[in-house]
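Student: Numbering (UniProt numbering), first residue to last: 1 to 261.
All residues carry an ideal CB built from backbone N, CA and C; glycine is no exception.
A quick note: this is a predicted structure, and the numbers were derived from the prediction, not measured.
(1) Can you look up residue 229 in the DSSP assignment and give me helix, strand or coil?
(2) Given this structure, state the Cα-to-Cα distance separating residue 170 from residue 108, to the nearest angstrom.
(3) Here's a check: name, in chain order, each residue in its chain whose Cβ is nearer than 6 Å to the Cβ of residue 168, leaving out the five neighbours to either side.
(4) Less than 8 Å between the CB atoms is what I'm expecting for residue 88 and residue 251, so what's the real figure, rounded?
(5) Buried or exposed for residue 137, going by 16 or more other Cβ atoms inside 10 Å?
(6) Return the residue from the list 184, 185, 165 that minimises the CA-CA distance to residue 197.
(7) My parser needs the beta strand (DSSP E) runs of 3 or more residues fully inside the segment 142-206; what are they?
(8) Assuming residue 249 and residue 191 make a contact with CB atoms under 8 Å, what is their CB distance in whole Å?
(9) Just grab the DSSP bridge partners of residue 340 for me.
(10) Taking 8 Å as the threshold, find out whether the segment 119-129 comes into contact with the segment 137-148 through three or more Cβ pairs.
(11) Buried or exposed for residue 153, going by 16 or more other Cβ atoms inside 10 Å?
(12) What's the C-alpha gap between residue 187 and residue 242?
(13) Among 111, 121, 240, whose alpha-carbon lies nearest the alpha-carbon of residue 97?
(14) Got a sec? Which residues, its chain only, sit under 6 Å from residue 240 by beta carbon, not counting five neighbours each side?
(15) Suppose the cutoff is 6 Å on Cβ atoms and the five residues either side in sequence are ignored; what does the same chain contact list for residue 174 look like?
(16) Among the candidates 177, 116, 148, whose CA atom is the shortest distance from the CA of residue 93?
(17) For residue 130, count neighbouring Cβ atoms within 10 angstroms of its own Cβ and tell me buried if that reaches 16, exposed if not.
(18) Using only CA atoms, which one of 149, 115, 172 lies nearest to residue 161?
(19) Between which two residues does the alpha helix (DSSP H) carrying residue 85 extend?
(20) Nearest to residue 118 by CA position, among 148, 155, 181, is which residue?
(21) Exposed or buried, residue 99, counting other C-beta atoms within 10 Å across all chains shown (16 or more means buried)?
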């Protein structure tokens, strides 16, 4: 004859997905059905994945883009994607760096992408016009210093011709002068000299002779580095636009061979 076994009571914490009885005999719901005693905190999306192990009162952890920018700055590296358009928040030195970083990788991510970046950071025709939209530029000022306004095809030809062709795909570049404001009354113009390191064999093999370009000026060679490398200096001339859609932006108005800072 079978004997009915007494029913066991489950006392203590419940396993996930199971129910039980407390020590007083009251039913205990599984955790998935209990009413939570905490409130959901609203966090910014970039920090949602970084605060899982942080206390509620701790500062939000930096997102991946911030960590990457910090790594680039600490390692003195170069941002792989320099700015492509001017901004009133960019200093004159940042404008020079944006153009040189782009020209150093002229054909990345597409052909003449660096020249287009330089074109975007060059003062356009009627930059102070209130009816001009920032993205509707058709011509930019020539880097040779004349009051010539060039559409992009001619602007690109200028960069691919001596002496400015040395800026394209150079091996290295660095600023060799502090930022100088020529005027003592108004800080709307600035100049800065840079030095590039480029392969002489590549420049001589890829470019036509200088006499085919009557407006070209021979670059100044500062010193003779070893092997086939040579160092050249150029001076960027910039102006700050005071009215119009480019108000507050520093834009390039010329680049001269040599150090004039």
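Tutor: Taking the coordinates as given:
(1) Looking up residue 229 in the chain shown gives position 229. The answer is strand: DSSP assigns residue 229 an E or B state.
(2) One-based indexing of the chain shown puts residue 170 at position 170. One-based indexing of the chain shown puts residue 108 at position 108. Going by the C-alpha atoms only, they are around 14 Å apart.
(3) In the chain shown, counting from the first residue as 1, residue 168 sits at position 168. If we look at residue 168 and ignore the five residues flanking it on each side, its Cβ neighbours are 103, 106.
(4) Position 88 of the chain shown holds residue 88. Position 251 of the chain shown holds residue 251. Residue 88 to residue 251, Cβ: 11 Å. No contact.
(5) Here residue 137 refers to the residue found at position 137 of the chain shown. Counting Cβ neighbours within 10 Å, residue 137 comes out buried, since at least 16 surround it.
(6) Translated into the one-based positions of the chain shown, residue 197 becomes position 197. Measuring from the Cα of residue 197, the nearest candidate turns out to be 165.
(7) 172-175, 189-199
(8) One-based indexing of the chain shown puts residue 249 at position 249. One-based indexing of the chain shown puts residue 191 at position 191. With a Cβ gap of about 17 Å, residue 249 and residue 191 do not count as contacting.
(9) Nothing about residue 340 can be reported from this structure: the residues present for the chain run from 1 to 261 only.
(10) yes
(11) The count along the chain shown starts at 1 and reaches residue 153 at position 153. It is exposed - the Cβ of residue 153 has fewer than 16 other Cβ atoms within 10 Å.
(12) Mapped onto the chain shown, residue 187 falls at position 187. Mapped onto the chain shown, residue 242 falls at position 242. Distance between the alpha carbons of residue 187 and residue 242 is about 11 Å.
(13) Looking up residue 97 in the chain shown gives position 97. Measuring from the Cα of residue 97, the nearest candidate turns out to be 121.
(14) Position 240 of the chain shown holds residue 240. Excluding positions up to five away in sequence, the list reads 188, 250.
(15) Start at 1 with the first residue of the chain shown, and residue 174 comes out as number 174. 195.
(16) Start at 1 with the first residue of the chain shown, and residue 93 comes out as number 93. Here the closest residue by C-alpha is 177.
(17) The residue given as residue 130 occupies position 130 in the chain shown. Exposed, since its Cβ has fewer than 16 Cβ neighbours within 10 Å.
(18) Locating residue 161 in the chain shown gives position 161, where the first residue counts as 1. Checking every option, the nearest Cα to that of residue 161 belongs to 115.
(19) Here residue 85 refers to the residue found at position 85 when the chain shown is read from its first residue. Counting along the chain, residue 85 falls outside any alpha helix (DSSP H), and DSSP gives it neither H nor E.
(20) Numbered from its first residue, the chain shown carries residue 118 at position 118. For the residues 148, 155, 181, the minimum Cα distance to residue 118 belongs to 155.
(21) Looking up residue 99 in the chain shown gives position 99. Result: buried.
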